[in-house]
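Residue numbers (my numbering), protein chains in the order written: chain A, 44 to 347; chain B, 2 to 263.
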């Protein structure tokens, strides 16, 4: 699937499949094309080329659309002058969903107290809950949520996380976007990572996490120079002296370094393996595909 | 944790009657609907009554020509020129507010075939405006005739041509509303829709009047605002020409809705 907006290419030959029964995270920096992709899933935008299939057919051909797909888009999609309940009721009626169901989803997302208030008066978190309620109205087989935890308080974030897992356990296809790797690591089983409209990774969270490999060991010792010489003699080891008493060792585990030190009666005050975080793994992957990187901004700032 | 999560929903599917029901819910649950209709009704009856009262009061000083020109039915309808402004705003808002609020994304995700949303809005707004206009026209008639009655200038509703003239004004206001719903869908902007409507209905006529009268008059009678109100075309021809304009704008709106990104 490819999508151009005028000359700007938002999504470029992106192709992937999302499986039912698990939560699939959709990751990418801002401007990577996540929202565009999600809009084309719901048929709001037509791909410039390619197609999107929802349950084996193009969404706009669906006879009972809200039972096929429930979607929460990042942008606000509510008339602010209408009450939350009337908003949901109007959407439900298009698909022949009764008002009992409307009250049921209002209860589920915890908006019962404010259901009669104008949606325009809602906080961002309440707006997200209303959007999730709308997505769930039709008891959909596929649930697509664009940045659902944006603006939610910690309790709300936990609620979304548990709800998504529960929905997937029921056999639904759950596809959730985020620009936060850590949030996805807690929620998703599978990951689709994109940057600048290109597919970067289509992998399990586990595999993605294993990419977060050790990046050396930091050692603090009063006999740093002596230790450095000993370590250098080991095959495959590299040493950088960060300061008089601090070494950064690559190619050896902390166990190996500790053993060398003990055999040579060298005192060690600190021995810390440096792991790159998930966030680092994500940053490394998407590094070249970020539209606006802070260093570019710095360059701009310097230039001006 | 099967059905316990979000329960089951008996979604039956999208049909035109269901989308009409949904659009009726949308129309009756925003304040602007009541506000614009109230303004339209108040302007229609208020302006008609005011003009009728002033002219009736001055009647004894009128020349023979002015007396011949005195048309009690026309005075009952005097307010329509201003009232149509509020009807136009109602029509434009019915669709443009979907875009300004972002509601359109929810609406089209629920009805991905899209066109039923346009047809349903046209039907719901059209029927609402027709019913309100018909009642308003009748009330305005009886109010103005009651004002004229002490001067013995009033006419009966059964008098020749009166009923036709009254109900076709309700049809005209309905056509204005439909054109404006389509303008809102076509331009996707409240400001754009209302200014186009005002430009065509209120600005174009005085500009046309500046043309030499042989050209000006032949253009004038086909301007949307004069088709029915201008009395230069027959009632039926006027309504038919308006319907033609409405059809053009509706088709353009349908094409844009169906074929461009929401």
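Glycine included, each C-beta is placed from N, C-alpha and C at the ideal position.
Is residue i close to chain B? Criterion is C-beta to C-beta, closer than 8 Å.
i                      : result
residue 193 of chain A : no
residue 140 of chain A : yes
residue 122 of chain A : yes
residue 87 of chain A  : yes
residue 119 of chain A : yes
residue 106 of chain A : yes
residue 310 of chain A : no
residue 144 of chain A : yes
residue 114 of chain A : yes
Just confirm the distance between the C-beta atoms of residue i and residue j, as a whole number of angstroms; I'd bet it's less than 8 Å.
i                      : j                      : result
residue 110 of chain A : residue 182 of chain A : 6 Å
residue 170 of chain B : residue 138 of chain B : 5 Å
residue 108 of chain B : residue 118 of chain B : 6 Å
residue 185 of chain B : residue 78 of chain B  : Going by Cβ atoms, the distance from residue 185 of chain B to residue 78 of chain B rounds to 26 Å, so no, they are not a contact pair.
residue 179 of chain B : residue 206 of chain B : Actually they do not touch by this definition, with Cβ atoms about 20 Å apart.
residue 263 of chain B : residue 105 of chain B : 6 Å
residue 97 of chain B  : residue 26 of chain B  : Between residue 26 of chain B and residue 97 of chain B the Cβ distance is about 19 Å, and since that is not below 8 Å, they are no contact.
CB-CB under 8 Å to residue i, same chain, minus the five flanking residues each way: which ones, in chain order?
i                      : result
residue 121 of chain B : 17, 20, 21, 23 and 24
residue 227 of chain A : 68, 70, 219, 221, 234 and 248
residue 197 of chain B : 184 and 188
residue 364 of chain A : No information on residue 364 of chain A is available, as it lies outside the stretch 44 to 347 that chain A covers here.
Under 7 Å Cβ-Cβ, which residues of chain C neighbour residue i?
i                      : result
residue 109 of chain A : In the structure shown, chain C does not exist; the protein chains are A and B.
Any Cβ of chain A within less than 8 Å of the Cβ of residue i?
i                      : result
residue 31 of chain B  : yes
residue 20 of chain B  : yes
residue 189 of chain B : no
residue 27 of chain B  : yes
residue 263 of chain B : yes
residue 97 of chain B  : no
residue 1 of chain B   : In the structure as shown, chain B starts at 2 and stops at 263, and residue 1 of chain B therefore has no counterpart that could be examined.
residue 106 of chain B : yes
residue 170 of chain B : no
residue 58 of chain B  : no
residue 8 of chain B   : yes
residue 201 of chain B : no
residue 103 of chain B : yes
residue 257 of chain B : no
residue 15 of chain B  : yes
residue 68 of chain B  : no
Under 7 Å Cβ to Cβ from residue i, same chain only, skipping five residues before and after it: list those, please.
i                      : result
residue 152 of chain B : 57 and 60
residue 98 of chain A  : 111, 184 and 185
residue 163 of chain B : 74 and 156
If you count every other CB in all the chains shown that lies within 10 Å of the CB of residue i, and 16 or more means buried, which is it?
i                      : result
residue 50 of chain A  : exposed
residue 130 of chain A : buried
residue 308 of chain A : exposed
residue 122 of chain A : buried
residue 104 of chain A : exposed
residue 102 of chain B : buried
residue 205 of chain A : exposed
residue 125 of chain A : buried
residue 202 of chain B : buried
residue 312 of chain A : exposed
residue 215 of chain A : buried
residue 138 of chain A : buried
residue 35 of chain B  : exposed
residue 259 of chain B : exposed
residue 82 of chain A  : buried
Excluding the 5 residues preceding and the 5 following residue i in the sequence, name in chain order all residues of the same chain whose CB lies nearer than 6 Å to its CB.
i                      : result
residue 280 of chain A : 274, 294 and 295
residue 343 of chain A : Confidence at residue 343 of chain A is low in this model, with a pLDDT of 48, below 50, so the placement of that residue should be treated as unreliable; the coordinate-derived value is given next. Here the set comprises nothing.
residue 1 of chain B   : Outside the displayed range of chain B (2 to 263) lies residue 1 of chain B, so it cannot be described from this structure.
residue 187 of chain B : 253, 254 and 257
residue 30 of chain B  : none
residue 57 of chain A  : 44 and 242
Quick one: Cα of residue i to Cα of residue j, how far?
i                      : j                      : result
residue 78 of chain A  : residue 117 of chain A : 7 Å
residue 37 of chain B  : residue 44 of chain B  : 10 Å
residue 195 of chain A : residue 251 of chain B : 42 Å
residue 11 of chain B  : residue 141 of chain A : 8 Å
residue 171 of chain A : residue 305 of chain A : 57 Å
residue 240 of chain A : residue 193 of chain A : 22 Å
residue 178 of chain A : residue 187 of chain A : 8 Å
residue 211 of chain B : residue 82 of chain B  : 20 Å
residue 229 of chain B : residue 47 of chain A  : 46 Å
residue 3 of chain B   : residue 200 of chain A : Unreliable placement is indicated for residue 3 of chain B, whose pLDDT of 39 sits below 50; the coordinate value is still reported in the next sentence. Spanning the two alpha carbons is a distance of roughly 21 Å.
residue 300 of chain A : residue 285 of chain A : 16 Å
residue 144 of chain A : residue 96 of chain A  : 27 Å
residue 65 of chain A  : residue 207 of chain A : 9 Å
residue 119 of chain A : residue 113 of chain A : 15 Å
residue 238 of chain A : residue 149 of chain A : 36 Å
residue 220 of chain B : residue 84 of chain B  : 24 Å
residue 87 of chain B  : residue 175 of chain B : 12 Å
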